[in-house]
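Just so it is clear: in the sequence shown, position 102 is 101 by numbering that gives the first Met the number 0, and no numbers are missing.
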Amino acid sequence: MNLTRDRVRSIGWAFVLTVCFALTLALTFRVNAVKSEVRLAERQIVSLRRETLFLETEFEARSNQQQLKALNDVEFGYQAPKAAQYIEGERQLASLGKPRGPDAPEMIRVASAANGDKLAPFPAMVSQIADKPLEAEDGDAAKATVDKSRDAAPANGLTRINLTRVAKQ
């Protein structure tokens, strides 16, 4: 095998190009590794900033609670409710779960709601002049008083239109 000068030169250039390609590839991998480390560091920085903000907020809230407690103690004398305010002792607490006895008084009811179809009755209409309830069982007396007031309305220059008559036509 005869190696000529041109042949050695081309083999040399191929070797140099291969080494350059390998170095470029190694450098690219190293750059990508550094970039991923930078991204990881940036994520940690963002996470630490969020945690710092959370801790600052919690510290401010707790310090405000301490200030409120001190203000309530000194200025107003407020205290947190204690169990003794509601239940006198352990026996009363234990009796809460027991059913009522036959001689036990009725429980106090604070409010009641209307049952299903039963509606609460409307209170009677009271005349402001006589201070007595109005008695209009069939509604004719009420219509008569309303019609009289409607007939008196045109005296002031206004005209009323009875909508029930218009709707029937």
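Virtual Cβ for every residue (Gly too), placed ideally from N, Cα, C. No experiment lies behind these values; they were computed from the predicted model shown.
Here's a check: name, in chain order, each residue in its chain whose Cβ is nearer than 8 Å to the Cβ of residue 81, leaving out the five neighbours to either side. Close CB contacts of residue 81 within its chain, under the 8 Å cut and outside five residues either way in sequence, are absent.
Taking only the alpha-carbon atoms, compute the straight-line gap between residue 102 and residue 86 and give it to the nearest angstrom. Distance between residue 102 and residue 86, taken at the CA atoms: about 22 Å.
Residues that DSSP places opposite residue 125 in a beta bridge: Beta-bridge pairing links residue 125 to 132.
Would DSSP call residue 87 helix, strand or coil? For residue 87, the three-state secondary structure derived from DSSP is coil.
What's the call for residue 38, buried or exposed, on a 16-neighbour Cβ count within 10 Å? Counting Cβ neighbours within 10 Å, residue 38 comes out exposed, since fewer than 16 surround it.
The alpha helix (DSSP H) that contains residue 63, what's its start and end? 4-70 is the extent of the alpha helix (DSSP H) around residue 63.
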